[in-house]
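A short write-up of the structure that comes next.
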Amino acid sequence: MILEKKLTKQIIGAAIEVHQHLGLGLLESVDTIAPIHEAQLLTYLRLSGMKVGLIINFNMPILKEG
7 MILEKKLTKQ
17 IIGAAIEVHQ
27 HLGLGLLESV
37 DTIAPIHEAQ
47 LLTYLRLSGM
57 KVGLIINFNM
67 PILKEG
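The structure is reproduced here in structure tokens:
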């Protein structure tokens, strides 16, 4: 679990850095995280056996909101 937390922290840090340098992402037809996205993530986690998954919406002014 410690490795998962460390890797998750690194991924989030990299996502924040990319967002700071490039700004908002491409405009998508779904600009918010919808329940279907959460359902997809849970399905992928179950099928892969992974314990942690991230949904990152780069189409937000501040990444922590996405």
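If you use this note's numbering, the sequence shown corresponds to residues 7 to 72, in order. Beta carbons are placed, not taken as given, at the ideal position from N, Cα and C, and that holds for glycine.
Measuring alpha carbon to alpha carbon, tell me which residue in the options is nearest residue i.
i	options	result
residue 64	30, 39, 48 and 26	30
residue 66	14, 22 and 17	22
Under three-state DSSP, which class holds residue i?
i	result
residue 19	helix
residue 39	coil
residue 60	coil
residue 53	helix
Going by beta carbon distance, what residues of the same chain come within less than 7 Å of residue i, once the five residues before and after it are set aside?
i	result
residue 25	64 and 69
residue 47	59 and 61
Beta-carbon within less than 8 Å of residue i's beta-carbon, same chain only, minus the 5 sequence neighbours each way: which residues are those?
i	result
residue 14	58 and 60
residue 54	none
Discussion item. I'd like to know if the region 10-29 and the region 51-66 are in contact, where contact means that at least 3 CB-CB pairs between them fall below 8 Å.
Written reply: yes
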